[in-house]
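Here is the structure we will look at.
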Amino acid sequence: AQKVTQAQTEISVVEKEDVTLDCVYETRDTTYYLFWYKQPPSGELVFLIRRNSFDEQNEISGRYSWNFQKSTSSFNFTITASQVVDSAVYFCALSEANFGNEKLTFGTGTRLTIIP
Amino acid sequence: GAGVSQTPSNKVTEKGKYVELRCDPISGHTALYWYRQSLGQGPEFLIYFQGTGAADDSGLPNDRFFAVRPEGSVSTLKIQRTERGDSAVYLCASRYRLAGGYEQYFGPGTRLTVT
Numbered sequence: 067a068q069k070v071t072q073a074q075t076e077i078s079v080v081e082k083e084d085v086t087l088d089c090v091y092e093t094r095d096t097t098y099y100l101f102w103y104k105q106p107p108s109g110e111l112v113f114l115i116r117r118n119s120f121d122e123q124n125e126i127s128g129r130y131s132w133n134f135q136k137s138t139s140s141f142n143f144t145i146t147a148s149q150v151v152d153s154a155v156y157f158c159a160l161s162e163a164n165f166g167n168e169k170l171t172f173g174t175g176t177r178l179t180i181i182p
Numbered sequence: 002g003a004g005v006s007q008t009p010s011n012k013v014t015e016k017g018k019y020v021e022l023r024c025d026p027i028s029g030h031t032a033l034y035w036y037r038q039s040l041g042q043g044p045e046f047l048i049y050f051q052g053t054g055a056a057d058d059s060g061l062p063n064d065r066f067f068a069v070r071p072e073g074s075v076s077t078l079k080i081q082r083t084e085r086g087d088s089a090v091y092l093c094a095s096r097y098r099l100a101g102g103y104e105q106y107f108g109p110g111t112r113l114t115v116t
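For the record, the sequence lines run as chains F and C.
Here the first sequence is numbered in this note's numbering, starting from 67 and rising by one per residue.
Here the second sequence is numbered in this note's numbering, starting from 2 and rising by one per residue.
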């Protein structure tokens with residue numbers, strides 16, 4: 067069975083600080099995919115990144131970066147120089163490569179508040 | 002282009018009533034998913050369609066829940082004899098590629114309140 071753990075329920079930082087959101091996952095599959103989604107106050111889930119289990123390269127996109135480490139089953143997300151617009155709930159998710167049925171298993175989310 | 006749309010955006014119903022929730026996926030997306038998100042939780046998988054057929058309904062909580070996708074596009078989630086515990090946001094998502102870990106695009110959800 068798959069499981070995603072986001073131990074940080076809520077985080078508050080002052081604007082312009084860096085912040086890292088933790089994600090730990092469990093799966094028996096050797097091929098799987100990891101995702102991060104953002105859910106702003108409006109409620110709609112916004113896709114941020116997808117990572118294949120065979121690709122452990124870290125990725126940077128503007129102020130966002132992701133650190134994938136298979137050895138510790140972690141896929142952490144860092145926001146650099148945070149902004150008020152980054153305030154949202156962030157979900158880490160996992161899907162197994164299962165003949166096209168790549169249903170997502172989500173963590174419980176981390177609520178990030180950026181204080182101006 | 003148009004994203005995933007869901008109607009209604011809000012639905013209030015009395016305990017014991019029947020409700021239908023509709024999802025219009027992105028045109029051309031063959032995979033469609035329903036999830037349920039309770040307050041303070043992450044979305045939980047309910048059912049997956051590939052084309053017209055329900056390929057995986059293992060997430061449906063009981064036989065009061067049913068979903069269809071008769072023409073491989075629009076899907077309807079049906080809940081019979083609603084209970085207060087069914088109150089949640091019901092999310093629909095669609096995906097373009099058959100496989101390969103491509104992202105699911107989510108709709109805005111239907112907030113169901115059972116009184």
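We put the CB at the ideal spot given by N, CA and C, even for glycine.
(request) Return the chain-ordered ranges of every beta strand (DSSP E) run that is complete within the stretch 103-153 of chain F and spans a minimum of 3 residues. (result) 112-118, 125-127, 130-135 and 140-145
(request) Look at the alpha carbon of Y97(C) and the alpha carbon of N11(C), and state the distance between them as a whole number of angstroms. (result) 27 Å
(request) Give the secondary structure of D87(C) by DSSP, where H, G and I count as helix, E and B as strand, and everything else as coil. (result) helix
(message) Between the stretch 18-37 of chain C and the stretch 63-83 of chain C, can you find at least three pairs of beta-carbon atoms closer than 8 Å?
(response) yes
(request) For Q51(C), name the three-state secondary structure that DSSP assigns. (result) strand
(request) Inspect the beta-carbon positions of F113(F) and F101(F) and report whether they are closer than 9 Å. (result) yes
(request) Anything in chain C within Cβ reach of R129(F), meaning under 7 Å, just list it in chain order. (result) Correct list: empty, because the minimum Cβ distance to chain C is about 20 Å.
(message) For R177(F), list the residues DSSP reports as bridge partners.
(response) E76(F) and V155(F)
(request) Report all residues from its chain with a CB closer than 6 Å to the CB of R117(F); omit the five preceding and five following residues, and keep chain order. (result) L100 and F134
(message) The beta strand (DSSP E) that contains K69(F), what's its start and end?
(response) K69 to T71
(request) Please classify N164(F): does DSSP put it in a helix, a strand, or coil? (result) coil
(request) Helix, strand or coil for S59(C), going by three-state DSSP, please let me know. (result) coil
(request) Look at the Cβ atom of Q68(F), then the Cβ atom of Y91(F), and state whether they are nearer than 9 Å. (result) yes
(request) Compare the C-alpha of L92(C) against each of E83(F), I77(F), V79(F) and G109(F) and name the closest. (result) G109(F)
(message) Using only the alpha-carbon positions, how far apart do D84(F) and S28(C) sit?
(response) 39 Å
(message) Is R43(C) close to chain F? Criterion is C-beta to C-beta, closer than 9 Å.
(response) The sequence as given places Gly at residue 43(C); Arg does not occur at that position. For G43(C), the answer is yes, since a Cβ of chain F falls inside 9 Å of its Cβ.
(request) For D58(C), collect the residues of the same chain with a Cβ closer than 7 Å to its Cβ; drop the 5 residues on either side in sequence, then sort them by chain order. (result) I48
(message) Classify I145(F): buried if its beta carbon has 16 or more other beta carbons within 10 angstroms, exposed otherwise.
(response) buried
(message) I need the boundaries of the beta strand (DSSP E) containing D25(C), first residue and last residue.
(response) V20 to D25
(message) List, in chain order, every chain C residue whose beta-carbon is nearer than 7 Å to that of L87(F).
(response) Near L87(F) there are no residues of chain C at all, since even the closest Cβ is about 13 Å away, more than 7 Å.
(message) Can you pull out the residues from the stretch 110-127 of chain F whose beta carbon lies closer than 7 Å to at least one beta carbon of chain C?
(response) E110, L111, F113, R116 and N118
(request) To the nearest angstrom, report how far apart S88(C) and G166(F) are at their CA atoms. (result) 30 Å
(request) Between the Cα of V75(C) and those of G54(C), T83(C), L113(C) and S39(C), spot the shortest distance and give me the residue it belongs to. (result) G54(C)
(message) Any beta carbon from chain F within less than 9 Å of V90(C)'s own beta carbon?
(response) yes
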